[in-house]
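Chemist: Line by line, the protein sequences are chains L, Y, G and Z.
With my numbering applied, the first sequence corresponds to residues 3 to 619, in that order.
With my numbering applied, the second sequence corresponds to residues 497 to 989, in that order.
With my numbering applied, the third sequence corresponds to residues 2 to 304, in that order.
With my numbering applied, the fourth sequence corresponds to residues -18 to 104, in that order.
Heads up, the beta-carbon is just placed ideally off N, CA and C, and yes, glycines get one too.
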Amino acid sequence: MNVIFLILILFLVGAIVTAFAGKWSSLLQDGLFILAVTIPAVLFFTQVEMNQLVGWTRGGIHLELGLTPFSYFFAILVLLLGVASAIYSVGFMHGKARKSYYYFNYLLTIMAMLGILFSRDFISFFVFWEIMTWASYLMVVMNGTRTQEIGIKYFVFSAIGAYAMLMAIVLIHAQTGNFLIQDFIDTYPSLAHGRQILIPILLLVGFSVKAAVMPLHVWAPGSYAYSPMSFTSVFSGALSKMGIYGMVIVFVTLLSHLPEGGLIRDIIAWMGAMTAVIATLWAIAQDDARKLLAYSSVGQLGYIVIAVAIGTPMAMLAGLFMAFMHGLFKGALFMVVGAVEKQTGTTDFTKVTGLIRKMPWTFLTALISIIALAGIPPLGGFIGKWMLYESLILSDHYLLVIVAFFSSTAAFLYAYKFLFGFFLGQEEEEWADVKEAPITMLIPMLALAVGSILLGAFPQLILKPINNGLISLGFSDSYGKLWETSTLFNEWGDKVVLQPIIYAIMGVFLTTLAFTYFRNRKRTRYVSTKDISTSGEIPLAHENLTFKENFFQPFLRAVEPVMKKQIDWYYREFGAGLEAIFNFTRRIYSGNGQTYALYAVIFLIVLLLLNGNLFGQ
Amino acid sequence: MVGSPVLFVAIPLLAAFLIPLMGMIWKEFVRIIPGLVLAYMLVLSVSLIIYIQSHGTIVEVISGWGPPVGINLVFSPFSGALTTLMTFLGLLVWLYSHKFKRNVDYEPAKKYFILLMLMVTGSVGMVLTGDLFNMFVFIEIVSISGYGLTSFFVRRDSAEAAFKFLLMGAFASSFLLIGIMIIYTQLGTLNMAEIAQRMPQMDYHMKVFSLIFILVAIGVEAETFPLNGWAPDVYTQAPGPISAAMSGIVVKAAVYANIRIIYTMYDLQGAYEYLLIIGLITFIVAETAALKQERLKRMLAYSSIGQMGLAMIAFGIGTKEGVYAALFLMFSHAIIKSLLFFSGSYLVYNKTSKYIKHVNGMGKYLPITAFLFTLGAFAIIGLPPFMGFWSKLALLSAAADSNLVILVAVILVVSIVEAVYYLRVVNRIFFFKKRANTKPEKPTINAMIAMLSLAAIVLVIGFYPDLVTGLIERAADDLMDKGRYIGEILSKN
Amino acid sequence: MEILQYIFGGIITFLLAFVVGMTFGGTRRKIIARIQNRYGPPIYQNFIDAFKLFSKTSAVHHGAMHYMGPAFLMVSSVVSLMFIPILRDGGWFPNLNFHGDLIFLLYMMVFGSLGMALGAGQTGNPNSAIGVTRGLAQMVGYEIPWIMALVAMMIQFHTTSITGLMDVQLQSGTWNLFASPFAFVAAILASLGMFRYAPFNIVGAPAELASGPASENGGKYLFTMMSSHSVFAFVKLTLFADLFLGGAGNLVELLIKTFLLYMIPVLYGVVNPRYRTEQAVRWFWGWPTVFGIIAIAYAVWST
Amino acid sequence: MEKYLDILEIAIYGSAVALILIGLYGALTKKSLIKIVLGLSIMDSGIHLMMIALGYLKGGTAPIFSKGFENSADQMVDPIPQALVLTAIVIGFGVTAVALSLVIRLYRHHDTLRIDEIKNLKW
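1) For residue 488 of chain L, which residues in the same chain have their Cβ closer than 8 Å to its Cβ, ignoring the five residues on either side in sequence?
2) Would you say residue 600 of chain L faces chain Z, with C-beta separation under 8 Å as the test?
3) Considering just the uninterrupted stretch of the beta strand (DSSP E) at residue 59 of chain L, what are its terminal residues?
4) Measuring alpha carbon to alpha carbon, tell me which residue in G/192, G/285, G/175, G/181 is nearest residue 301 of chain G.
5) Which residue comes first and which comes last in the beta strand (DSSP E) that contains residue 817 of chain Y?
6) Starting from the C-beta of residue 65 of chain Z, find all residues in its chain whose C-beta is less than 8 Å away, skip the five residues before and the five after it, and write them out in chain order.
7) Using Cβ-Cβ distances below 7 Å, what residues of the segment 155 to 189 of chain L are close to chain Y?
8) What are the boundary residues of the beta strand (DSSP E) that includes residue 218 of chain L?
9) Would residue 30 of chain L be called buried (16 or more neighbouring beta carbons within 10 Å of its own) or exposed?
10) Is there a C-beta anywhere in chain Z that falls below 8 Å from the one on residue 596 of chain L?
11) Assess contact between the segment 118 to 135 of chain G and the segment 551 to 559 of chain L, defined as three or more Cβ pairs (one per stretch) separated by less than 8 Å. Is contact present?
12) Would you mind working out which of L/220, L/290, L/15, L/504 sits nearest residue 301 of chain L, comparing C-alpha positions?
13) Among the residues of its own chain, which have a CB less than 6 Å from the CB of residue 574 of chain Y, if the five just before and after it don't count?
14) Let me know the secondary structure DSSP gives residue 656 of chain Y once reduced to three states.
15) In terms of alpha-carbon separation, which member of L/207, L/18, L/352 lies closest to residue 422 of chain L?
16) Taking any Cβ of chain Z, which residues in the segment 618 to 641 of chain Y have a Cβ under 7 Å from it, in chain order?
17) How is residue 358 of chain L classed by DSSP in three states: helix, strand or coil?
18) Rounded to whole angstroms, what's the CA-CA distance from residue 746 of chain Y to residue 9 of chain Z? Just pull it up for me.
19) Just confirm the distance between the C-beta atoms of residue 216 of chain L and residue 569 of chain L, as a whole number of angstroms; I'd bet it's less than 8 Å.
20) For chain Y, is any of its Cβ atoms less than 8 Å away from the one on residue 265 of chain L?
21) Would DSSP call residue 640 of chain Y helix, strand or coil?
22) Could you tell me if residue 124 of chain G is buried or exposed, where buried requires 16 or more neighbouring beta carbons within 10 angstroms of its beta carbon?
23) Mind checking the segment 423 to 435 of chain L against chain G and listing, in chain order, the residues whose C-beta falls within less than 9 Å of any C-beta there?
24) Can you tell me the Cα-Cα spacing of residue 597 of chain L and residue 689 of chain Y, whole angstroms?
25) Using beta carbons (cut-off 8 Å, strictly below), is residue 827 of chain Y in contact with chain L?
26) Under 8 Å Cβ to Cβ from residue 140 of chain L, same chain only, skipping five residues before and after it: list those, please.
27) Could you name the residues of the segment 555 to 587 of chain L whose beta carbon sits closer than 9 Å to any beta carbon of chain G, in the order they occur along the chain?
28) Which whole runs of the alpha helix (DSSP H) in the segment 663 to 707 of chain Y are 4 residues long or more, in chain order?
29) For the segment 86 to 102 of chain Z, list every residue whose C-beta sits within 7 Å of some C-beta in chain Y, in sequence order.
30) Is it buried or exposed for residue 261 of chain G, if we count other Cβ within 10 angstroms and need 16 for buried?
31) Can you give the Cα-Cα distance for residue 524 of chain Y and residue 7 of chain L, rounded to whole angstroms?
32) Using a cut-off of 8 Å between C-beta atoms, extract the partners of residue 610 of chain L located in chain Y.
33) Per DSSP, which one or two residues make a beta bridge with residue 61 of chain G?
34) Please state whether DSSP places residue 100 of chain L in a helix, a strand or coil.
35) Where does residue 1 of chain G sit, in a helix, a strand or coil, going by DSSP?
36) Can you have a look at residue 583 of chain L and say buried or exposed, based on whether 16 or more other CB atoms are within 10 angstroms of its CB?
Below is the structure:
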C-alpha cells in the first residue's frame, strides 16, 4: 500500500479506535491518541517521497494523491502543531466530558488537513476540505455554548466558501473534462475570458472564508473562542492556513495569467488589510482572552493575506513565513489560555489576575509568543513583518504599509493586555492556590515557544522549504539563495543581519539585568503586589488596586467611529430578514385542503393558457 | 429467466387477499407474510437485474395480448434499478415497523401491513408498466393505500392530512384520465411505446394539452410545487415508517412516471425546461419553508420535497449526465431520507406533536439513533464523504456541463439553507438539555437493524460510490435511448 | 577581535549618548523653568540625580518581570543606538550600522515601551498600568505619521537603510529637510509624541499618576530607566539629524543639530497644556497624518 | 336519424362538460366536506361520460363479436374506453368510500364539516 494512503488510513482507523477505546480505559485512550498522531507524522517525515503520484478512480472520477514541495511546507506546520496540540490535549481534556468525541474529531481534522495537502485533484481536495469543515464544526459546538449561533455561523460561512469552491470545481470540470488540478492549471490560459475570471474568484471566495478575510471572517472570532482551546491552537494555527495554501496556489498558478490578476490581487490585499485593522481594534476591546486571541488570529491572517496577495517573491516568502510563525505563536498562546482556563476555570481578564508567580512556565510561553506576535526582534515574528514591509514598499503598495503598520502597532495593545490581564497586576486572594499546568500541557507549549525563538535566529530552517515549495509551483526563482545565509535583504540591497543583532540584544539585556539584579539580589526582598507606593498614602484593605475594567478605554474612545457596528450586525440583520421572508412565503401552504386543490386547478389553467409558449416545438 | 415481472404485481395482490385468511390461522402471519412477500420481490428484482445484464430488457406481455392492445410490463435497467430500490426500502420499512406496531391491535396491524404491501406493489407497478392506463390504475392503488396509511393513527390529525391527500389525489386522477383520454382519441393506443412512436403525428396543441394534464396529475404525487400542499401534512401525520416509504418509494415512482412520459412519450423540448423551472421553484420554496419549521417530521417533509425538486432539475437538464445525476439523487435521497425518518421518529417518539424541541438532549439517551440521524443529516446536506455528496456533485457537474452557471449558484445557495435547518436539529440533539417531559424510547432491534443497514449504505457508497454508479449509468443510458425502448417493446408484438 | 571592537565601540557610544542625553535633559529643565519665570535647577542637575539613584540600594522588588522591565528598556535604547550612524563617513565607531534598516529600527524602538510596560505590570500598581495603557495608546497614535514619513523617504530615495539615506544627502548636496519637506514635518510632529513632553505627557502624568509606569521603581531601577531615556532621546535626535539634516561630520555639528531638533518638542511643550489620551491620539491622526500622506504623494510624484 | 345522432352527441358532450364544471365548482367552492366529496364524484362522472362519448362511433354497434357481426369491426364502437371507464368507475367508487369514511373521522375529531376550519396542519 502506498504510504500516503497508509497515513490517511492510519488517522482514520486511529480516530475510530481511539473513540471507542475510552469505553475500556482512559489511559489507553490517551496513549492510542498520541500514537495515532505521532505514527503517521513519523511516517510522513521518513517515508513519503516528493512528487510521487498515486491515482485511482472512484465513481468514474479519476483521483490523484501526491506530495509536492509546496504542500510539504504546510504539512510540516500541520504535523508540528498537530502533534504538539495532541500531547497538550491529553492534559487539557483530562477529566472533561466528551473526550472520545474530541479525539475522534481531532484526528479527523488532522487527517483532512493532510488530505488537502496531498490532493492533486479537486474532488479529493473538496472531500477533505469538507471533512475538515464538519469535523471542526463538531469541535466548535462541542462545548454546547451558543451552538445555534456560533456553530451555525461557522457552518454557514464554511458552506458559502465550500460551495463557491464546488461551483468553481464543476465549472472547471465542464472546461477540462476531468478534475485534476494540474490539467486545469495547464488549460487555464486557453479558457474563455469570462471563465478565466469567474473560476479564480470563486476559488478565492472559498479559500478566503477559511483564511477569515473580511467580510467573510465573522465566523472566526466566535468559533475560535468557543472551541476547546487545545483544538483552537490547531484551528487557528494550522486549519486557517489551508485557506492560505489554496490562495497561494490560485495566485501563483492562475492569476498570473490573467490581465485583471493584478486588480484582483490588490482587492484581496486590501481586504486583508482591512481585516487586519478591524480585527485588531476589536481584539483590543475584548475582555475575554479567548476572544482576544480569536480576533487577533483574524488580524494576523489579514497580514498573511496581504503578503500572499501582493505576490512578489519576497512577499510570498514573507506571507508563508508569517503563516508558519503564526501557527507557532498562536498555537502556543491558545495553549496558554487553555492552561489558564484549566487551572482557574475562567478566561476573563477582569477576573483572573496576577498568575505570573503561580504559573511561571505558562507565563514564559506567553511572553515569548507575545513578543513573536508583536513582531519584535529578534524573534521569528519580526522577520515575517520585516519582509512584508519591505516587499510592500518595493512593490509600491505604500498605503498598505501604513495600514499594516498601524494594525501591527495597535497589536501591541492587545498583546500587552493579554500578558497583563492574566499574569501581571495585583495578585488576588481568589487565585492564591492556582497551580502550574500539568507537564503534558507545558511541554508542547514551551516547545512551540522555543520554535519561535529558533526561527528568529535561523529563519532559513523554514525559508528553505518555503522557497522550494514556491519554486515547485512555478514561481520565479529570484530569491533562490535567500535562505542560505541568514541575511535578509531587499532588492535595494538594504539588509538586516540577524546574528549580530541577536548577540547585541542578548548582551545588553544580560548586562543590564546583571546590573540591576545581581548586585541587588541579596539585599532586596520580594514584596507582594499589595505593598506598593501610592503617592505616599497607604492603600486600605477595601481599596481596589486592580486595574482591569475598560482597559484601553482612551484608545477605544479615539477609534470609536470605526467600531460602532460590527459587520456581524449586517449579516444578522440580513439573516433575520431572510428568515422572515421565508417564514412568510411558507404561508402558501395555508392548511386548507381546498386551497391546495384550487392551486392545482389554477396551475393547470395557467399551463393551458401558456401552452404554446411553454412547450415550444 | 428466474421469474417474470408479472410476479411483482401478482404475488402481492394474491397475498393481500390471503393475509386475512391466514391471519385467522395464526395472528403473526399478518406481520410475517408481507415481509416475506417484500423479501421475495427484492430477491426477484435483484435476480432480474442480473439477468437483464446479459439478456437485455424483459418485456412481459400479459395473457398473450400484444402491446397495442394488451398490457405489458417492462423490466429495463432503468425500471429494474428503481424496482430494486423500492422493494429494498419496502422490506426495510416492514422490518422497521414489524415490532414498532407490536403494541397495535390485530385489526389495525392487518390493515397496516396489507396497505404497506399494496403501496409498494402499486409503486413497483407504476415503474414496470408499459401501458398508460395501467399506470393510472397503479397510481390509484398507491394513492388509496396511501390515504389509508396516512390516517392510521386515529387520535392525531391524521384524517385531516389524509383528506387533503385524497382531495388532491382525486383531482389528479381526474386530470390524468382526461390526459389519457386525449392521447387515446388522438393516437388510438395506450401503449407507451406506441404512443412514443406515433407522437409526431399528433396535433401540436393536443399534444401539449395532454402533456399538461398528465404532468399536473402526476405532479401531485411527485410533489411538484403548487401541487404539493398535501405532502407536508401527510409526512407529519403518517406513521414514521410510512413517511419514509412515501418519500422513498411512492414519490420515486411518481417521478419515474413523470420522466418516462416526458423523456419517452413526448418529443417536446419545452417539457425539459418545464421540469427545470418547476423543479427549481419546488426546491427553493420547499427548502425555505423548511427553515422555520417547528415539527421535525414536517421539516423532513419539506426537505424531501426539496430533494425531489433537485431530482426534477437534474432531469430537466436533459443531458445524459443530468439523468445520471437525477437517478443518483433519487437513489441517495431514498436511502438517506428513510434513515432520517426512521431515526427521527425515535427521537421524537413520545410526543404526538413531534416538535423539534423534543429532540433536545436525546444524544445522551439514544446515542446510536442520534448518531444515525446526524449521519443522515450530514449526508443529505451533501457533506463528503457520505453518499449525498456524490449525487449532488453529479447534479452540479451536469448543470455546469450544460453551461447553467446560474442554476449551479442557486442550488448551492439554497443548499446552505438546507444545511442550516438540519444542523440546528443536530445541535439540539447533542448540545441542548433534555426537556423534562420527553421520555427517550429505545429503538427495537428490528428498527435498529433497518437503520444500521441504511447507515451502512450511506457510508459505504460514500467511500465507494462505484458500487452503484455502474448500475445508475446503465439506467441512465436506458432512459436516454428512446428508440431502443420503443423497438424492444414493439418487437414483442 | 571584531566582538571586542563592537563592545568597546558600544560602550563609548553609550557614554556619549548618556552624557549628551543627560545634558539636554538638564537644559530642558532649565529652559522650562526660565519660561515659567523660575530659576530652575542647574544644567548638570540630571547627573546629580543619576548619581544619587545609582548609589542607592533598593530594598524591595516585585518579581522577575519587575527586574526585566528596565533591562528591556535599556536593550531598546542601546541596540537602537548601535544601529544609528553617529557621524557620517564612519567618523565614529560604526557599531552595527550596516546590519539593520529603518523598519528594524522602528520595531526596536517600540520594544522598550513594551518591556517597560511588562515590568510596570508586575508591580501591581494600578497607576503603572493606567500609565502603560495611555502610553501604548499614544504610541499607536504617533506611529502613523512617523511611519508615513519614513515610507515617504524610502520611496523617494529607494533605500531603507539609514546609511543609505545619509549617502543620498551627501551625493545630492541637499538635506532631506529640503528634498522631502513634508516628511520632515510629519516626522517632527510625530516626534512630539515620542518625547512624551507636554502636551503629550499624560503617560507619566506626575501629578496624578506618580509618574505612571515608573512609579514602583527607585534606586538602580530608576537609574537604569533614566539613563536609557536619556540615551533614547539622543538616539531619536541623532536619527532625525541623520535622516533629515544630512548627518554630522563631527561631534560639534552633531551637537548643534541635535540640540536644535531637541528644542522643537521642548518649546512646543512649554507653551501647551496637556492633552487627554484620546485627544492626543486624534491629534496625531489629524494634521501630522495629513502631512504624512502629502509626503508620500510628494515622494511618489517626485520619483 | 343522422340529425338525431348529432344532437345526441352534442348533448352528451355538453352534459359531460357540464358535469365536470359542476363538480369542479362544488369541490372548489363548497365548504362542506360532504359537498366536496359529492363534487368530486360528479366530476368523475362527467369524465367517465366524456370517455364513453369519445369512443362512440356514429351508428356503431356494441363491440361484441357475435353471429352475424363477424366482419363488422369497422362499425363497432371502440371497446377500450368502455373498459377503461369500467375500471375508472370502480376506482372512483373506492375513492369516494375512503373519502366518506375520512369525513366521518374528521367530523368526530373536529366537530365540524367545514373544510376551512380543519386547519390544524399548516405552513
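Modeler: Here's the rundown:
1) Residue confidence is low: residue 488 of chain L scores 45 on pLDDT, short of 50, so the model does not pin down where it sits. No coordinate-derived value is stated.
2) Using a CB distance cut-off of 8 Å, residue 600 of chain L counts as an interface residue toward chain Z.
3) Here the beta strand (DSSP E) through residue 59 of chain L covers 56 to 60.
4) G/181
5) Where residue 817 of chain Y is concerned, there is no enclosing beta strand (DSSP E), although the alpha helix (DSSP H) it sits in stretches over 816 to 843.
6) 32
7) Answer in chain order: 157, 158, 161, 162, 165, 168, 169, 172, 173, 175, 176.
8) Per DSSP, residue 218 of chain L is not a residue of any beta strand (DSSP E), being assigned neither H nor E.
9) exposed
10) So, interface residue.
11) The segment 551 to 559 of chain L and the segment 118 to 135 of chain G touch, with three or more beta-carbon pairs separated by less than 8 Å.
12) L/220
13) Taking residue 574 of chain Y as the centre and dropping the five residues before and after it, the same chain places the C-beta of 971, 974, 975 closer than 6 Å to its C-beta, in chain order.
14) helix
15) L/352
16) 629, 633, 636, 640
17) coil
18) Cα atoms of residue 746 of chain Y and residue 9 of chain Z: separation of roughly 26 Å, rounded to the nearest angstrom.
19) 7 Å
20) Under the Cβ criterion of 8 Å, residue 265 of chain L is not counted among the residues facing chain Y.
21) helix
22) With 16 or more Cβ atoms within 10 Å of its Cβ, residue 124 of chain G is classed as buried.
23) 425, 426, 427, 428, 429
24) 37 Å
25) no
26) 103, 107
27) 555, 556, 557, 558, 559, 560, 561, 562
28) 688 to 694
29) 86, 87, 90, 99, 101, 102
30) exposed
31) 51 Å
32) What residue 610 of chain L touches in chain Y: 705, 708.
33) L/527
34) coil
35) Because chain G spans 2 through 304 in this model, residue 1 of chain G falls outside it and cannot be assessed.
36) exposed
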